[in-house]
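Residue numbers (this note's numbering): 234 to 580.
Here's what the structure looks like:
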């Protein structure tokens with residue numbers, strides 16, 4: 234277990250909860266923004282993420298729990314070969330016909346096993362397997378007003394297409410599935426959150442009655458869950474910051490390839506993931522606590538991304554995070570990040 238002296242909640246650092254948007258291979262930009270905030274003196278008690286945001290969030294939460302320097306994550310991410318995420322099945326090697334067959338049989342072109350093995354190894358080195366390893370204890374945060382089911386350093390968004398609703402893992406484990414949230418493997422929740430429909434095979438979870446449910450990418454229902462840590466009262470101790478992998482609304486986007494049935498499906502999904510949560514950005518008190526990372530038209534499924542582009546994305550995130558940190562808080566927010574206008578405070 235980490236030294237209690239390293240507890241985020243007890244540290245003297247400035248604190249902010251984080252919400253990290255999904256974005257596939259663009260996730261390195263999220264890490265750049267988080268590191269810039271860390272360099273500005275922030276620590277992160279809780280992190281929420283979808284898809285790539287869940288991957289980065291799991292690693293950041295794990296490093297924080299272990300008391301490790303977040304800068305050590307940079308070479309880990311730089312060494313990642315994104316092409317390995319396209320872990321083909323035997324049918325995929327038959328070309329477009331095989332991919333179409335795999336889509337019908339397996340409900341996804343790629344297996345998604347590489348993420349489980351790679352992320353599982355990273356978390357194992359940090360002493361983390363289940364969400365129980367990321368629980369916020371009474372010793373960590375004395376007097377916390379958080380409900381018991383929300384006392385975790387990480388929450389991962391997934392879309393339960395069996396129930397037809399968003400699930401927040403591990404928060405909703407007991408209510409929706411009758412299972413112990415402490416026993417859910419972190420990597421299984423992240424695997425569900427990054428399961429882009431048609432691209433990756435969907436994930437499954439087993440309920441307490443032994444029935445299985447099907448989970449896909451959380452971005453289908455909430456790619457940028459900026460509101461998940463909000464609370465209606467004004468008792469916030471620190472703010473929530475969002476990191477969004479796109480420029481502000483109206484920025485020019487790269488055209489999507491829709492030349493085949495599978496590419497058309499992916500293009501439709503990428504459009505959905507990019508625009509579903511855009512309504513949040515109509516609220517100036519959301520945009521003011523959101524870091525916008527320019528991703529230069531890179532698409533979520535550009536798994537052939539080269540190292541120079543990865544470096545450019547990381548630096549873009551770092552620059553955006555540094556600019557944000559210098560300008561926070563706006564005049565109508567308190568130092569703790571509470572809006573001094575009508576009642577609606579971030580937490």
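Glycine included, each C-beta is placed from N, C-alpha and C at the ideal position.
Residue i - containing alpha helix (DSSP H), residue span
| i | result |
| --- | --- |
| residue 554 | 540-560 |
| residue 355 | 346-358 |
| residue 286 | 285-299 |
| residue 306 | 306-311 |
| residue 199 | Absent from the structure is residue 199, since the part of the chain shown begins at 234 and ends at 580. |
| residue 422 | 419-426 |
Given residue i as reference, the closest of the options once Cα atoms are compared
| i | options | result |
| --- | --- | --- |
| residue 383 | 415, 542, 393 and 284 | 415 |
| residue 309 | 355, 346 and 350 | 355 |
| residue 448 | 474, 401 and 391 | 391 |
| residue 365 | 470, 298 and 560 | 298 |
| residue 381 | 372, 368, 389 and 393 | 368 |
| residue 438 | 419, 452 and 533 | 419 |
| residue 470 | 277, 269, 264 and 255 | 277 |
| residue 436 | 458, 272 and 450 | 450 |
| residue 357 | 393, 296 and 398 | 296 |
| residue 313 | 560, 559, 544 and 271 | 544 |
| residue 561 | 254, 262, 264 and 270 | 270 |
| residue 248 | 473, 316 and 444 | 473 |
| residue 359 | 300, 542, 318 and 518 | 300 |
| residue 262 | 532, 452 and 379 | 532 |
| residue 518 | 374, 377, 564 and 412 | 564 |
| residue 398 | 351, 453 and 352 | 453 |
| residue 317 | 538, 547 and 542 | 538 |
| residue 558 | 400, 246 and 275 | 275 |
| residue 273 | 246, 250, 284 and 254 | 246 |
| residue 443 | 412, 460 and 459 | 412 |
Supposed contact pair residue j and residue i - C-beta distance, whole angstroms, cut 8 Å
| i | j | result |
| --- | --- | --- |
| residue 387 | residue 290 | 6 Å |
| residue 410 | residue 441 | 6 Å |
| residue 417 | residue 363 | 6 Å |
| residue 592 | residue 389 | Because the chain in this structure spans residues 234 to 580, residue 592 falls outside the shown range and cannot be described. |
| residue 475 | residue 252 | 4 Å |
| residue 535 | residue 258 | 5 Å |
| residue 549 | residue 528 | 7 Å |
| residue 282 | residue 478 | Actually they do not touch by this definition, with Cβ atoms about 11 Å apart. |
| residue 279 | residue 462 | 6 Å |
| residue 530 | residue 433 | With a Cβ gap of about 23 Å, residue 530 and residue 433 do not count as contacting. |
| residue 288 | residue 260 | 6 Å |
Below-8 Å beta-carbon distance, residue i vs any chain C residue
| i | result |
| --- | --- |
| residue 276 | In summary, chain C is missing from the structure at hand, where a single protein chain is found. |
Unbroken beta strand (DSSP E) run spanning residue i, endpoints
| i | result |
| --- | --- |
| residue 475 | 473-477 |
| residue 450 | 445-450 |
| residue 257 | Careful: residue 257 lies outside any beta strand (DSSP E) and carries neither H nor E. |
| residue 250 | 250-253 |
*Any chance the stretch 552-564 sits against the stretch 517-532, with 3 or more Cβ pairs inside 8 Å?*
Counting Cβ pairs under 8 Å, three or more are found: they touch.
*asked:* With three or more beta-carbon pairs closer than 8 Å as the criterion, would you say the stretch 296-308 touches the stretch 420-432?
replied: No contact exists between the stretch 296-308 and the stretch 420-432.
*Ranges of the beta strand (DSSP E) found wholly within the stretch 381-416, counting only runs of at least 3*: Runs found: 387-393 and 398-402.
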